[in-house]
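Residue numbers (the numbering used here): 79 to 472. Beta carbons: idealized from backbone N, C-alpha and C, even for Gly.
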């Protein structure tokens, strides 16, 4: 059978999401979608003589296409796909040894906190939460046992912006790694490896897939030695993404740019609306010029992204607000074509102790909102009626 050979064209991110990595084509048949290689094992010609494929935990053609695309989009050399975002983070944390310490952003995803606090502490790997937007605080926290700085920018759920370039410079001076969770921005809006980061992680469940039908995690990096270690951990621990989910993720990523353009457009309109309301105590959105992270974010990302959080004033019943939503769904997760709202204190960040939540600003009144691709006017109308319904009568 004739093998299809082609020259990859296009360097813009909008083109790469469709033609990057493996190029979105099967070299055997010419199929424009990478096939689902739904197999656990592969027939070998003879002992020591195979097609390059042996066992699907170690490698699968559909997953490889996704991993190549991941590396390409993040301007990296290596990509790895895992069964969830937390599986990806766990694989990265498995690079460290007893006695090592990891610095994390102070308002970090609750699952990241939980795996450090409840799992890796069993192995003598410690952590310290730091306001990574404060460079002096980061420098002061670096002791000889610190081996990595793990940041989220924008951070989950307060959308705090960290200067990725400056953190990477500080880390390199100290000989430690910079790990960036790029879930909120995706490589369409921000590419941390280009800013000096060593490792990028994603919960691909969110914007990269975009349809709330896959749970997946991705890792991208450039360093060959680190990549070899991640590959070994991936194969040894086995938290790999299956071929069907790899296929769905590849399909979802093809529309990343058009989906995010619409979601950012909606977010900007909604943030501008919320900012003017007396019912809103505080809004967190780095796309607003009034946001403290606006200038730094603008220097390292395409725009403010589509995620936001806000607090209602004390004369509102937050339970009533969520109960009154009609278009927007009360649900965990984010980044789908559907608009989702959640209550971080009791949902995504419930694993973080109350005292720490209060200290960093994850209050019981905080609402995290992920606008979808619906009509912005419909979303504003839904928020407006839910806010009015949640007002406490005096």
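The shortest CA-to-CA distance from residue 170 to any of 258, 378, 320 and 282 is the one to 258. Shown here, residue 463 sits in a helix according to DSSP, grouped into three states. With three or more CB-CB distances shorter than 8 angstroms, the region 230 to 244 counts as touching the region 358 to 378. With a beta-carbon spacing of about 19 angstroms, residue 417 and residue 389 fall beyond the 8 angstroms limit used to define contacts.
By a beta-carbon distance limit of 8 angstroms, residue 166 contacts residue 295. Their separation comes to about 3 angstroms. Using a Cβ-Cβ distance cut-off of 8 angstroms, the region 194 to 205 and the region 167 to 186 are in contact, since at least three pairs of beta carbons, one from each stretch, lie closer than that value. For residue 259, there is no enclosing alpha helix (DSSP H); the residue is found in the beta strand (DSSP E) stretching over 255 to 259. With at least 16 other beta carbons inside 10 angstroms of its own, residue 148 counts as buried. For residue 160, no alpha helix (DSSP H) encloses it; the enclosing beta strand (DSSP E) starts and ends at 156 to 160. A Cβ-Cβ separation of about 6 angstroms places residue 391 in contact with residue 357 under the 8 angstroms criterion. When beta bridges are read from the DSSP output, residue 279 appears opposite 259 and 297. If you check the CB distance, residue 95 and residue 299 do not come in under 8 angstroms. Under DSSP, residue 445 takes part in a beta bridge, and its partners are 388.
The three-state reading of DSSP puts residue 427 in coil, since its state is none of H, G, I, E or B. Residue environment for residue 312: buried (at least 16 other C-beta atoms within 10 angstroms of its C-beta). Residue 394 sits close to residue 468, with the two beta carbons spaced by under 8 angstroms. Cβ-Cβ distances below 7 angstroms link residue 413 to 284, 285, 288 and 448 in the same chain, with the five nearest sequence neighbours on each side left out; the list follows chain order. Here residue 438 carries a helix assignment [DSSP, helix/strand/coil]. Secondary structure note for residue 312: its alpha helix (DSSP H) is the uninterrupted segment 302 to 315. At a cut-off of 4 residues, the continuous stretches assigned as alpha helix (DSSP H) that sit fully inside the region 327 to 412 are 334 to 353, 372 to 378 and 396 to 402. The Cβ-Cβ distance between residue 405 and residue 456 falls below 8 angstroms. The Cβ atoms of residue 246 and residue 226 do not sit closer than 8 angstroms to each other. For residue 133, the three-state secondary structure derived from DSSP is strand. A direct Cα-to-Cα measurement between residue 155 and residue 271 gives close to 10 angstroms.
As the crow flies, the alpha-carbon of residue 435 is around 19 angstroms from that of residue 385. For the pair residue 230 and residue 256, the Cα-to-Cα distance works out to about 11 angstroms. Taking one beta carbon from each stretch, the region 317 to 336 and the region 108 to 128 have 3 or more pairs nearer than 8 angstroms; the two touch.
The beta carbon of residue 342 is closer than 6 angstroms to those of 381 and 384 in its chain, skipping five residues each way along the sequence. When 168, 150, 105 and 420 are compared, the shortest CA-CA separation from residue 139 is found for 105. Rounded to whole angstroms, the gap between the alpha carbons of residue 332 and residue 98 is 10 angstroms. In the DSSP assignment, residue 204 falls within the beta strand (DSSP E) that extends over 204 to 208. Rounded to whole angstroms, residue 403 and residue 293 show a C-alpha spacing of 25 angstroms.
Taking C-beta separations shorter than 6 angstroms and ignoring five residues to either side along the sequence, the partners of residue 161 in its chain run 317 and 319, following chain order. The beta-carbon separation of residue 191 and residue 429, rounded to 6 angstroms, stays under the 8 angstroms limit for a contact. C-alpha of residue 199 to C-alpha of residue 208: approximately 18 angstroms in a straight line. In the three-state scheme derived from DSSP, where H, G and I count as helix and E and B as strand, residue 127 is classed as strand.
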